[in-house]
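Novice:
There are 2 protein chains.
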Amino acid sequence: MGLTKTEGYTQAQIELATVAKVLGHPARIAIVQHLLEINACIGNDLMDVLPLSQPTISRHLAELKKVGIIQGTIEGSSMNYCINAHRWREIRQMLGGLLGMEPGAQCC
Amino acid sequence: MGLTKTEGYTQAQIELATVAKVLGHPARIAIVQHLLEINACIGNDLMDVLPLSQPTISRHLAELKKVGIIQGTIEGSSMNYCINAHRWREIRQMLGGLLGMEPGAQCC
DNA sequence: TCTTTATATAGCAATATTGCAATATTAAAA
DNA sequence: TTTTAATATTGCAATATTGCTATATAAAGA
Chain A
1 MGLTKTEGYT
11 QAQIELATVA
21 KVLGHPARIA
31 IVQHLLEINA
41 CIGNDLMDVL
51 PLSQPTISRH
61 LAELKKVGII
71 QGTIEGSSMN
81 YCINAHRWRE
91 IRQMLGGLLG
101 MEPGAQCC
Chain B
1 MGLTKTEGYT
11 QAQIELATVA
21 KVLGHPARIA
31 IVQHLLEINA
41 CIGNDLMDVL
51 PLSQPTISRH
61 LAELKKVGII
71 QGTIEGSSMN
81 YCINAHRWRE
91 IRQMLGGLLG
101 MEPGAQCC
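Chains as they are written, first to last, in my numbering: chain A, 1 to 108; chain B, 1 to 108.
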C-alpha cells in the first residue's frame with residue numbers, strides 16, 4: 001500500500017501526525033532550527049548548512065511550507081523563508097498537549 | 001533514493017527526526033494517546049480502537065517500541081504495552097526544546 | 001492432547017519518500 | 001540583450017512505508 005488510512009481517526013490525530021511526519025526528517029529539523037536561530041529570512045544559504053543539493057533542499061522547503069511551518073516571500077530573484085510564528089505556536093500547542101501528558105504509574 | 005542521508009547532521013537532529021517520524025502516523029498517535037489516557041497496560045484492545053488489522057497494529061507497536069516510546073512485557077499469552085515514562089520525559093525535553101523556541105519578529 | 005486466544009512474522013502489492021541531474025523560470029547585472 | 005544567480009520543477013532510480021492475507025508461535029483452556 002504505502003497509503004495511510006485516514007478514516008477512523010479524529011481530525012486532531014491526523015493533523016498531529018501530519019505535522020510530526022514533516023518534522024520527521026533531519027534536513028527539515030535542521031532547516032527549522034536554523035530559521036529559529038538566525039531569526040532572519042534566508043534564501044538558499046541553506047546550501048551551506050545542509051548536505052543536500054539545491055533541488056532537494058527546495059523540496060524539503062516545499063514540504064515545510066505545505067503544513068504552514070514556514071512561509072516564503074519573493075525578494076527579487078530569491079526567496080525569503082521564515083517560520084510562520086502563528087502556526088508555530090499552534091503546533092507548539094498541539095504537540096505540547098500530547099507531550100505534556102503524564103504516563104502515570106508504570107505497570108510493565 | 002528513499003534513503004535518508006545522515007551525514008552532515010548532528011546526532012540530536014537525527015534523534016529528533018527519528019522520534020518525530022515515528023509519531024508521524026495517525027495510528028501511532030492514537031496508540032500513544034490511548035496508552036497515556038487509560039493509564040494501563042493493554043494487549044490488543046487496540047483492535048477495538050484502531051481501524052486496522054491485527055498484524056498492522058502489531059507493526060505500529062513495534063515501531064513505537066523501537067524508539068523506546070512504549071515497552072511491552074509478556075503476560076501469559078498476551079502482551080502488556082505501556083508508555084516508557086522515562087523515555088517519554090526525554091522526548092518531551094527534546095521536542096519541547098525545539099517547540100519552545102520563539103520565532104522572533106516576522107520578516108516575510 | 002486438541003482447540004482457542006493472542007500475538008508476531010513473512011510475503012506481497014501499491015504507494016510514498018528521498019535524492020540527484022537536467023532543465024525550466026525569473027529577475028538582476030553586465 | 002546576453003549572462004548570471006537563485007529557485008523551482010521534471011524525470012528517474014532506489015528504497016521505505018503501509019496494509020493486507022496467510023502463516024507461525026506460544027500459552028491457556030477444554
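For every residue, glycine included, the Cβ atom is placed at its ideal position computed from N, Cα and C. These numbers were taken from a predicted model, which means no experiment stands behind them.
Can you pull the chain B neighbours of H60/A, defined as C-beta to C-beta under 7 Å?
Specialist: Correct list: empty, because the minimum Cβ distance to chain B is about 11 Å.
Novice: Could you give the C-beta distance for A17/B and L23/A, rounded to a whole number, given that I count them as a contact under 8 Å?
Specialist: The Cβ separation is near 7 Å, so the contact holds.
Novice: Looking at the strands, I want to know which residues DSSP matches up with G72/B.
Specialist: BP columns for G72/B point to Y81/B.
Novice: For K21/B, go through chain A and note every residue whose CB falls closer than 9 Å to its CB, in chain order.
Specialist: Neighbours of K21/B on chain A, chain order: A20, K21, L23, G24, H25.
Novice: When burial is assigned at 16 or more other CB atoms within 10 Å of the CB, is P55/B buried or exposed?
Specialist: P55/B is exposed by the Cβ-count criterion.
Novice: Is the beta carbon of C108/A closer than 7 Å to that of N80/B?
Specialist: For N80/B and C108/A, yes; Cβs fall inside 7 Å.
Novice: If we count the other Cβ atoms within 10 Å of its Cβ and call it buried at 16 or more, is I91/B buried or exposed?
Specialist: Under this definition I91/B is a buried residue.
Novice: Could you tell me whether the Cβ of P55/A comes closer than 7 Å to any Cβ of chain B?
Specialist: Chain B, which has no Cβ nearer than 7 Å to the Cβ of P55/A, makes this no.
Novice: Are any of the Cβ atoms in chain A nearer than 7 Å to that of M47/B?
Specialist: Cβ-Cβ to chain A under 7 Å: no for M47/B.
Novice: Along chain B, in chain order, which residues have C-beta atoms closer than 8 Å to that of L50/A?
Specialist: Per Cβ cutoff of 8 Å: G8.
Novice: Taking the C-alpha atoms as reference points, what is the distance between M101/A and D45/A?
Specialist: Between M101/A and D45/A, the C-alpha separation is close to 38 Å.
Novice: Within 10 Å of its beta-carbon, does L61/A have 16 or more other beta-carbons around it, so buried, or fewer, so exposed?
Specialist: That one is buried.
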